[in-house]
Structures are given as C-alpha cells and as structure tokens.
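A.B. asks: Quick one: structure below, then a few questions.
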Amino acid sequence: MASQTVSPAAIATQYSLTTSTSLPFPTATLTSQGALSFITSQWSLSNGNISWGQSDLAFVSDPFPNNPVPGSTSSSPVLQITYPAGSYSGGTGGAQWYTQWNTSNGSTFNSMLLSYELAFDSDFDWSKGGKLPGLRGGPNTTSCSGGSQPTGNDCFSTRLMWRRWGAGEVYAYMLEPNDLCSQDNIIRNYGYGISIGRESVYFATGQWMRITLLVQMNDPPDVANGNVVAYFDGYPTISQQGLQFRSGSAVNIGGLYFSTFFGGSDDTWATSETVNTYYRNFELYGSSLPSNLTGQKVSSAMACPVGLTPTVILIAWVAFALHLS
C-alpha cells in the first residue's frame, strides 16, 4: 500500500482526467417517493428512470456522524438503500440505475474515475455477498450483468462487490483474452463475470469509507492494455492491467452504474434481516484518452475455460452415461 492516502482529485490529476462532475444531494431528508423524484430529476438517468428499487431508497440523516472518512466535509442527508429480509438479486431489494455522464462537446470518455463514500449498518448481514456501485459503458445500457456476457462491441461493467465476512473485490463483465484467467488476481465466476482482487480488502460496518475506482479502456481494441485500480480510503488496494474491455471502438465509458443488492441469483444469497447501506459524495472524473500502457495483442477473446464445478461434473457424467447407453 501507499505510505499515505491519496484524494480522488489527486488521482485524477495523476491520470490526466481533466473533466469532472458530482451528483447533487438534497438539503433535507426525503422518504422513498421524494428520493425517487429527486434522483430521477437530478441524476441524469439512462431512459430517465430507475430500473428497480424505487421503494428501497431514501435520503436520511447521517447514521455515523462520529465515524467519517478522514478529511471529509460531508453533512446530512445521505442516500440510504434498504435490503428487506429475504431479498436477493434484482427487484427484491436494493436498487439499480445508470447515471450517464455526457460531455459538453460530444466527445467520449475512455478513462474515468468514480469516487463515493459508503457505509454499512453496524449489524450488516454479509450473507454470501452482494453488489456495489461502479462504472459501465457501451451502446447497450442493460446487458453485461446478470449472466449476460459482453461481445466486445456492446458493453462492459465494473462494479464493486462484498463477499462473506465483508471481503471486497472488483466484479467485472469484460472480455477474457489471452492468459487472463491464469493470473493470481483473477477468479472466474462461471458465466457471471470475473472477480478481480478478491479478499484484497475487507469492508467494515458502522463507519464511512471512501471507494475510488479507475477504469481505462484498452486501445487499440485488439490490444489487452486496459487498466483497473480500486482505492479504499485513498490506498491503491486492487490493481489489474492487461485487460480488454472492448474489441470495437463503439464501447466507451458511460458513467455511474448504481447497482446494489444481495446476490447472486437465488435465495442462498438472501439477507436474513433487513439492513441498509449509505452513500454520499459521488464524484466523477474523465478523459477522452484511453490507457497508454503496453499490452499483448489479443490472440483470443473467448471466455476462460469453465472449471469443474459440481454442476459441470454432473452434466459431463450424464453425457458420458448416455453415450455408453
């Protein structure tokens, strides 16, 4: 880790991200209906609406005023997202939308930095894991999540995720070229994206922390030189280069992918009790310049080989038995 924390603005300067914006917050607390109206009118949502979770959001007073991020000057209210007991996956708890950030001159973003402050309830139930906001891009604004794999010309997504006991990672839907899955920092989730840097950090409960995520697109599209760096409280904790987000120039970075829920796509991921996360200080920094790192020319953009999970073993056994019959 670095010897001292680095602010989002300093990271943006380091990567020549000269354009910036932030999301406005209300000056008073709001119930779910008021919060829905505020977000849909103020946060530049794709298609002008929230995908789901309208009843699970509110703006509330800071629940942890004595445990701020060092150097933060934020005050109430903060955005609260609720996960009802028994909820998991999209539409049963949490919330999801896409805040698109458009430049004033019509140019596209090929590098972007997202920063926000995050807190979990003091008694937060981690269960098996869940998703947290990140970045996404490409002309397809609904795919590259939920098991829908990228083609290289449609989209990508990079969210944060918590796992058991609060283990953190970057959770991505992107292409898997060359020998990506042989790297120690990469875990493939068998049709549900890849994990980068799992257990490199652990989330805490009952206090605020700052999440900062840098994504730089690979360029040219047939070279795997994309870059992801995740900072936790200003420390560069997860770093992965040699990535391929796109195989065509139509895919750029679009903005904030606010996506948070327990899961996973079945009830083994569900929370056992109603819990909340809290958010504030959303900042975005961008540049039209992609990654300038060196990288290998892509020899194959196919998915990494599927491991021998129990399901795969069962399918193989049944196929073999049918063959013998």
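Oh and the sequence shown: position 203 is 203 in the UniProt record's numbering, straight run, nothing missing. C-beta atoms are modelled at their ideal positions from N, C-alpha and C, and glycine is treated no differently.
1. Would residue 340 and T141 qualify as a contact pair, given that the criterion is a beta-carbon distance under 8 Å?
2. So for S157, helix, strand or coil by DSSP?
3. Report the option in S55, S127 and S22 whose CA atom is closest to the CA atom of S37.
4. Using a Cβ-Cβ distance under 8 Å, would V78 count as near chain D?
5. Might you give, ordered along the chain, the residues of its own chain that have their beta carbon closer than 7 Å to the beta carbon of N189, omitting 5 neighbours on each side?
6. I'd like the span of the beta strand (DSSP E) that includes S75, first residue to last.
7. When the Cα of F258 is compared with those of N225, G191, W165 and Y278, which residue comes out closest?
8. What is the C-beta distance between L17 and G286, in whole angstroms, given that I count them as a contact (C-beta under 8 Å)?
9. For the alpha helix (DSSP H) that contains P8, what are its first and last residues?
10. Taking the continuous alpha helix (DSSP H) assigned at Q42, which residues delimit it?
11. Looking at C-alpha atoms only, which residue of C155, Y171, T158 and Y202 is the closest neighbour of R164?
12. Hey, how far is the Cα of I186 from the Cα of D179?
13. From what residue to what residue does the beta strand (DSSP E) around G134 run?
14. Quick one: grab the DSSP three-state call for G152.
15. Taking all protein chains shown into account, decide if Q4 is buried (16 or more other Cβ within 10 angstroms of its Cβ) or exposed.
16. Relative to the alpha-carbon of residue 392, which residue among D123, L160, S89 and S122 has its alpha-carbon at the smallest distance?
17. I211 and S145 - do their beta-carbons sit closer together than 8 Å?
18. Given a cut-off of 8 Å, decide if G197 and V170 are closer than it, judged by their beta-carbon atoms.
19. Express the C-alpha separation of G166 and F232 in angstroms, rounding to a whole number.
20. Out of S75, G94 and K297, which has the shortest C-alpha to C-alpha gap to P84?
21. Report the partner residues of N227 according to the DSSP bridge assignment.
22. Assuming contact is defined by CB atoms lying nearer than 8 Å, are N252 and G295 in contact in what I supplied?
C.D. replies: The relevant details are as follows:
1. This structure cannot settle anything about residue 340, because the visible part of the chain is limited to 1 through 325.
2. strand
3. S55
4. Looking at the structure shown, chain D is missing, and only one protein chain is on hand.
5. S195
6. Where S75 is concerned, there is no enclosing beta strand (DSSP E), given that its DSSP letter is neither H nor E.
7. Y278
8. 6 Å
9. P8 to Q14
10. S32 to Q42
11. Y202
12. 10 Å
13. G129 to G137
14. coil
15. exposed
16. Outside the modelled stretch of the chain, which goes from 1 to 325, sits residue 392, for which no answer is possible.
17. no
18. yes
19. 13 Å
20. G94
21. Q216
22. no
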